[in-house]
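Inspection log for the structure reproduced underneath, given as structure tokens.
In the working numbering, the protein residues as written are 13 to 128.
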């Protein structure tokens, strides 16, 4: 059973930056895709960004040109660089990884709060 542990969340002023990390307890090289999701209070959990094992990325329209997802398979870590943060980015951010044929893994989440 793979464990995913997020870190890097916190309180930041609007316009600021944060870098989230997701450390896996074992190799992520065959995780395809990996992704970041977020969930605000009273809202559904939505995908923010995803990355395939080959490095192809996809972003929600709301975060394009502000967020960057990356992965370091050698360090078994997924990242999310968040710039130009807005109050509406406030949410719990979750790390996700899918491993063939049917295993999906979630982290416990990390809170990001953006003050206006």
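Ideal placement from N, C-alpha and C gives every residue a C-beta, glycine not left out.
Worksheet item: Since residue 79 and residue 90 are thought to touch, with beta carbons under 8 Å apart, how far apart are those beta carbons, to the nearest angstrom?
Response: Actually they are not in contact, since the Cβ atoms of residue 79 and residue 90 sit about 13 Å apart, beyond 8 Å.
Practice prompt. Determine the closest residue to residue 61 out of 18, 21 and 73, with distance taken between C-alpha atoms.
Written response: Residue 61 has its Cα closest to that of 73, out of 18, 21 and 73.
Worksheet item: Is DSSP giving residue 14 helix, strand or coil here?
Response: coil
Worksheet entry | DSSP-derived helix/strand/coil call for residue 99 | helix
Discussion item. Using the Cβ count rule (16 or more neighbours within 10 Å means buried), how would you classify residue 47?
Written reply: buried
Worksheet item: Where do the ends of the beta strand (DSSP E) carrying residue 45 lie?
Response: 43 to 51
Practice prompt. Kindly identify the DSSP beta-bridge partner or partners of residue 60.
Written response: For residue 60, no pairing in a beta bridge is given by DSSP.
Worksheet item: Going by DSSP, which residues form a beta bridge with residue 126?
Response: Bridge partners of residue 126: 24.
Worksheet entry | Burial state of residue 103 (16 or more Cβ within 10 Å) | buried
Worksheet item: What did DSSP end up calling residue 82 once you bin it into helix, strand or coil?
Response: DSSP, reduced to helix, strand and coil, places residue 82 within a strand of the structure shown.
Item to complete: Sort 55, 31, 123 and 40 by Cα distance to residue 117 and report the nearest one.
Response: Nearest to residue 117 by alpha-carbon distance, out of 55, 31, 123 and 40, is 40.
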